[in-house]
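*Asks:* Just so you know, numbering that gives the first Met the number 0 puts 452 at position 453 of the sequence shown, and the rest follows in order with no gaps.
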Amino acid sequence: MIHFSDQERVSIQGKCNHIIAVTESTSENEIPEPYPNFPEKEWDFEHVYFPFNEKNVKFTNGVQTKKWNIIIDALRSEINNSKDLKSCILKCHETHSNNPTYFTSFDRYFENNPEDKNKRLFEKIIPLMIKNLIELTECTLTSSIPLLKQQTGNFDASITLSQFQIFIILINSFFCTFPEHLFSKQLTNINFTPVYSGNRFNESSNVEKIKCLMNYFRRVMMYDKHKLNLVTYFRRSINKKNMPMWNLSDHTLTNLEVYSTKKIEDHDYTLQVDFANSFVGGGVIGAGLVQEEIQFITHPELIVSRLFTEKLMENEVLFVTGFEKFNNYTGYSSTFKFTGDAEDNIQTINTKFGKRKLSYMVAMDAKSFKKNKEDQYLKHNIIRDLNKCFVAFSAYPTIEKENEKLSTISTGNWGCGIYGGDQELKSLIQLLVASHCNRNLIFSTFNDENFKKSLIDMHNYLKKKSIKTKQLFMLLISYKNRQNRKSSLFTFIKDCLK
């Protein structure tokens with residue numbers, strides 16, 4: 000089972016190593032106190048640009064005004080309905096952006112709500128969100144959060160926040176207070192304006208996303224228990240020279256369980272694979288509602304990773320541990336529907352900085368082959384995917400306790416769907432790397448009963464033939480040169496082993 004170890008707060012030559020933004024020895028039933036006591040004020044390309052920083056200013060006719068003051072004035076205006084709320088958000092957003100925001104999904108969300116629900120929102124929920132934002136943002140987000148930046152060599156860095164700090168960040172995202180124009184080209188959006196502005200293709204999907212977000216805010220404000228735990232975001236990178244030589248990898252194939260109806264997140268205490276965009280979260284607050292976006296919108300604490308995680312490179316992944324599930328759902332993509340509260344009963348562990356839920360996710364991005372599907376069978380592309388999985392699946396002292404059985408990996412059709420990946424190839428790549436790393440594998444086929452049967456059959460066949468990882472690797476890279484161009488990978492492998 001995976002545990003992030005407690006790290007000291009370390010900064011190496013100005014680069015983020017392990018940042019913990021709460022104090023030690025927090026009482027078990029109290030919200031973790033922020034660290035340090037007073038806000039740090041870094042304002043540079045190495046750190047998150049917080050909206051309350053005194054250097055976040057606006058010039059109007061030569062007059063300089065703190066943007067935070069403009070935001071606070073907007074939030075203190077009278078807000079009795081969705082029109083007032085929209086005006087407030089636009090004032091907060093316009094302090095740093097002139098991009099048009101049409102709020103079509105935002106309007107539809109409030110139009111579809113029953114009158115009594117809107118009344119509760121504007122009499123209780125929205126005022127309490129504003130109160131939290133105004134009174135608690137500066138005294139809660141005191142640590143200058145460094146960016147989890149791209150690395151070319153071996154490097155790891157993490158940021159640990161309390162659930163309450165995450166809540167405050169996401170309230171600021173709701174009111175769109177973050178200064179977007181200062182974001183690095185390697186970062187993506189954290190303000191919620193894109194999810195408010197749906198078009199005819201994703202308007203209804205974005206309405207469902209807003210339902211999830213509003214349920215999250217309601218839940219956290221109702222119960223302090225949703226503010227107590229810690230969440231850690233851990234970026235890992237491995238130098239190319241330290242990747243395995245796959246033609247020399249001599250490991251027996253691991254155990255494999257395959258499910259057609261169970262989802263990846265249905266398997267507790269596993270390392271759940273996020274089929275990530277290289278910008279983590281993908282279109283969670285914009286267009287898109289497939290595996291990654293669903294994972295993020297049902298577990299909104301994952302969205303915060305977008306604030307400080309630069310675009311993933313070929314040798315990098317992002318781990319998150321401690322996050323909580325808040326929303327239940329049905330459907331996928333255009334059929335996705337929010338169905339109400341999720342009761343997250345995952346157990347917690349104690350650390351010297353506070354409690355942490357035993358939930359684990361790794362975001363690993365696949366390469367798109369939708370333009371030319373044959374390219375995925377080229378040797379260098381297969382090795383690229385093997386190496387990406389290795390960074391995600393291999394044990395590491397700062398992530399996992401030594402001398403303890405490694406957790407099972409829960410995954411599925413990584414890199415398939417809109418990326419054009421071959422299910423058979425992607426499943427065997429993940430099986431190969433899990434086997435190399437001595438980890439068991441759970442594979443979800445997303446209601447594809449036929450592929451479930453064929454994958455189980457393929458795995459049994461390989462085990463019967465005593466195929467090891469290096470032999471499987473050679474079979475995978477040989478497929479590109481098959482004579483029968485219509486032969487599937489599984490059929491090709493069976494023919495080769497007859």
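Every residue gets a Cβ at the ideal spot worked out from N, C-alpha and C, and that includes glycine.
Since the model is a prediction, treat every value here as computed from it, not as a measurement.
#1: With burial defined as no fewer than 16 other Cβ atoms inside 10 Å of the residue's Cβ, what is the status of HIS95: buried or exposed?
#2: List in chain order: all unbroken alpha helix (DSSP H) runs of 4+ residues lying wholly within the stretch 399-464.
#3: Taking GLU315 as part of the beta strand (DSSP E), name the residues at either end of that continuous run.
#4: In the DSSP assignment, find the unbroken alpha helix (DSSP H) run with LEU252 in it and report its ends.
#5: Cα-Cα, which of LYS66, PHE51 and LEU84 is closest to ASP106?
#6: Are there 16 or more other CB atoms within 10 angstroms of the CB of LEU247, so buried, or fewer, so exposed?
#7: By how many angstroms is the C-alpha of ILE19 removed from the C-alpha of PRO178?
#8: Alpha carbon to alpha carbon, how far is PHE295 from TRP42? Give it in angstroms, no decimals.
#9: Looking at HIS266 and THR444, is the spacing between their C-beta atoms short of 9 Å?
#10: On the CB-based measure, 16 or more other CB atoms within 10 Å of its CB, does LYS372 come out buried or exposed?
#11: Taking DSSP's pairing of strands, which residues face LEU46 in a bridge?
#12: How long is the line joining the alpha carbons of ASP72 and ILE129, rounded to whole angstroms?
#13: Excluding the five sequence neighbours on either side, which residues of its own chain have a C-beta within less than 7 Å of the C-beta of GLY411, listed in chain order?
#14: For LEU120, name the three-state secondary structure that DSSP assigns.
#15: Spatial neighbours of TYR376 within its chain, please: CB distance less than 6 Å, with the 5 preceding and 5 following residues excluded, ordered by chain position.
#16: Please return the same chain residues whose Cβ sits closer than 8 Å to the Cβ of MET495, not counting the five positions on each side in sequence.
#17: Note the first and the last residue of the continuous beta strand (DSSP E) segment covering ASN188.
#18: Which term fits ILE70, buried or exposed, when burial requires 16 or more other beta carbons within 10 angstroms of its beta carbon?
#19: Mind checking whether LEU74 and LEU132 have CB atoms under 9 Å apart?
#20: Does the beta-carbon distance from ILE417 to VAL289 come in below 9 Å?
#21: Buried or exposed for LYS224, please, with buried defined as at least 16 other CB atoms from any protein chain shown within 10 angstroms of its CB.
#22: For GLY339, is the classification buried or exposed, using 16 other Cβ atoms within 10 angstroms of its Cβ as the cut-off for buried?
#23: Which residues share a DSSP beta bridge with LEU229?
#24: When the Cα atoms are used, what is the spatial distance from THR334 to SER204?
#25: Under three-state DSSP, which class holds ASN349?
#26: Quickly, what does DSSP pair ILE18 with across the bridge? List them, please.
#27: Where do the ends of the beta strand (DSSP E) carrying GLN150 lie?
#28: Cα separation between ILE510 and ASN190?
#29: Where does the unbroken beta strand (DSSP E) through LEU270 begin, and where does it stop?
#30: Closest by CA to GLY152, which one among PRO38, GLU342 and LYS239?
*Replies:* In short, the structure shows the following:
#1: Position 96 of the sequence shown holds residue 95. Unreliable placement is indicated for HIS95, whose pLDDT of 49 sits below 50; no coordinate value is reported for it.
#2: 422-435 and 448-463
#3: As a first step, residue 315 is located in the sequence shown; it is residue number 316 there, counting from the start. Per DSSP, GLU315 belongs to the beta strand (DSSP E) from 315-320.
#4: Counting from one through the sequence shown, the residue named residue 252 turns up at place 253. Looking at the DSSP string, LEU252 is not in any alpha helix (DSSP H), and its letter there is neither H nor E.
#5: As a working mapping, residue 106 is identified with position 107 in the sequence shown. ASP106 has its Cα closest to that of LEU84, out of LYS66, PHE51 and LEU84.
#6: In the sequence shown, the residue the question calls residue 247 occupies position 248. With fewer than 16 other Cβ atoms within 10 Å, it is exposed.
#7: To locate residue 178, count along the sequence shown from 1; it is residue 179. To locate residue 19, count along the sequence shown from 1; it is residue 20. Roughly 24 Å between the two C-alpha positions.
#8: Mapped onto the sequence shown, residue 42 falls at position 43. Mapped onto the sequence shown, residue 295 falls at position 296. Answer to the nearest angstrom: the Cα atoms are 28 Å apart.
#9: In the sequence shown, residue 444 corresponds to position 445, counting from 1. In the sequence shown, residue 266 corresponds to position 267, counting from 1. Result no, Cβ atoms of THR444 and HIS266 do not sit closer than 9 Å.
#10: As a first step, residue 372 is located in the sequence shown; it is residue number 373 there, counting from the start. Exposed: under 16 other Cβ atoms inside 10 Å.
#11: Looking up residue 46 in the sequence shown gives position 47. For clarity, residue 46 is His in the given sequence; the question names Leu instead. HIS46 pairs with PRO145.
#12: Taking the first residue of the sequence shown as 1, we reach residue 72 at position 73. Taking the first residue of the sequence shown as 1, we reach residue 129 at position 130. Distance between the alpha carbons of ASP72 and ILE129 is about 11 Å.
#13: Here residue 411 is taken as the residue at index 412 of the sequence shown, counted from 1. For GLY411, where only same-chain residues beyond five positions count, the Cβ hits under 7 Å are ILE263, PHE442, SER443, THR444 and PHE445.
#14: For the purposes of this step, residue 120 is identified with residue 121 of the sequence shown, where counting begins at 1. Looking at LEU120 - three-state DSSP - the assignment turns out to be helix.
#15: Here residue 376 refers to the residue found at position 377 when the sequence shown is read from its first residue. Hits under 6 Å: TYR478 and LYS479.
#16: Residue 495 sits at position 496 when you count from the first residue of the sequence shown. Here residue 495 is Cys; the residue named in the question, Met, does not match the sequence. For CYS495, where only same-chain residues beyond five positions count, the Cβ hits under 8 Å are LEU474 and SER477.
#17: Counted from its first residue, the sequence shown places residue 188 at position 189. From DSSP, ASN188 is part of no beta strand (DSSP E); its letter is neither H nor E.
#18: Along the sequence shown, one-based indexing puts residue 70 at 71. With 16 or more Cβ atoms within 10 Å of its Cβ, ILE70 is classed as buried.
#19: Locating residue 74 in the sequence shown gives position 75, counting from the first residue. Locating residue 132 in the sequence shown gives position 133, counting from the first residue. Contact: yes.
#20: Translated into the one-based positions of the sequence shown, residue 417 becomes position 418. Translated into the one-based positions of the sequence shown, residue 289 becomes position 290. Against a cut-off of 9 Å, the Cβ pair of VAL289 and ILE417 comes out as a contact.
#21: Here residue 224 refers to the residue found at position 225 when the sequence shown is read from its first residue. Classification for LYS224: exposed.
#22: In the sequence shown, counting from the first residue as 1, residue 339 sits at position 340. Answer is exposed; the Cβ neighbour count stays below 16.
#23: Taking the first residue of the sequence shown as position 1, residue 229 is located at position 230. Beta-bridge pairing links LEU229 to SER161 and ARG355.
#24: Here residue 334 refers to the residue found at position 335 when the sequence shown is read from its first residue. Here residue 204 refers to the residue found at position 205 when the sequence shown is read from its first residue. When rounded, the distance between both Cα atoms is 8 Å.
#25: Numbered from 1 along the sequence shown, position 350 holds the residue referred to as residue 349. Strand, per DSSP.
#26: Here residue 18 refers to the residue found at position 19 of the sequence shown. Its beta-bridge partners are ILE158.
#27: Counted from its first residue, the sequence shown places residue 150 at position 151. Where GLN150 is concerned, there is no enclosing beta strand (DSSP E), given that its DSSP letter is neither H nor E.
#28: This structure leaves residue 510 out entirely; the chain is present only between 0 and 497.
#29: Looking up residue 270 in the sequence shown gives position 271. Note, LEU270: beta strand (DSSP E), 270-275.
#30: In the sequence shown, residue 152 corresponds to position 153, counting from 1. The shortest Cα separation from GLY152 among PRO38, GLU342 and LYS239 belongs to LYS239.
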